[in-house]
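**Q** In the numbering used here, the protein residues as written are 296 to 411. Idealized CB from N, CA, C, for every residue including glycine. Pasting a structure here, questions to come.
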């Protein structure tokens with residue numbers, strides 16, 4: 296049996312940009328991507344801590360050290376600059392392997408989007 300489990304989580308970062316006139320996705324500072332074990336084009340769920348919105352998109356690599364968290368396209372309508380969001384991804388794996396799996400969870404400074 297295969298099940299879906301938490302793979303990666305960026306817990307509470309601040310939205311720095313929202314760009315409706317883009318094809319879609321979330322742009323994330325490469326430092327945060329690396330720390331959270333996320334890759335470009337990976338599917339992610341976004342949870343808006345300020346208004347309860349939940350939606351799915353994919354990752355675009357942002358400039359390393361830029362601190363960027365930018366929601367693009369229609370997703371930009373679900374956030375405002377300054378909102379705090381949680382970004383999560385999942386992995387599908389064998390049930391027995393999943394029992395031992397440890398996700399990568401990071402807790403950046405939500406005011407500066409930098410690693411602590």
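According to DSSP, residue 385 sits in a beta bridge with which residue or residues?
**A** 301
**Q** Run the CB neighbour count on residue 336, radius 10 Å, all protein chains shown included, and call it buried at 16 or more, exposed below.
**A** exposed
**Q** When you compare only the Cα positions, how much space is there between residue 381 and residue 342?
**A** 5 angstroms
**Q** Grouping DSSP H, G and I as helix and E and B as strand, with all else coil, what is residue 320?
**A** It is a strand residue.
**Q** Residue 357: which of 350, 320 and 300 sits nearest, CA to CA?
**A** 320
**Q** Give me, in chain order, the residues of the same chain whose beta-carbon lies closer than 8 angstroms to that of residue 378; leave out the 5 immediate sequence neighbours on both sides.
**A** 309, 310, 343, 344, 345 and 346
**Q** Hey, out of 325, 353 and 299, whose CA is closest to residue 366's CA?
**A** 353
**Q** State yes or no: is the C-beta of residue 324 nearer than 6 angstroms to some heavy atom of the ligand ATP?
**A** Ligands are entirely absent from the displayed structure, and the ligand ATP is therefore not among its contents.
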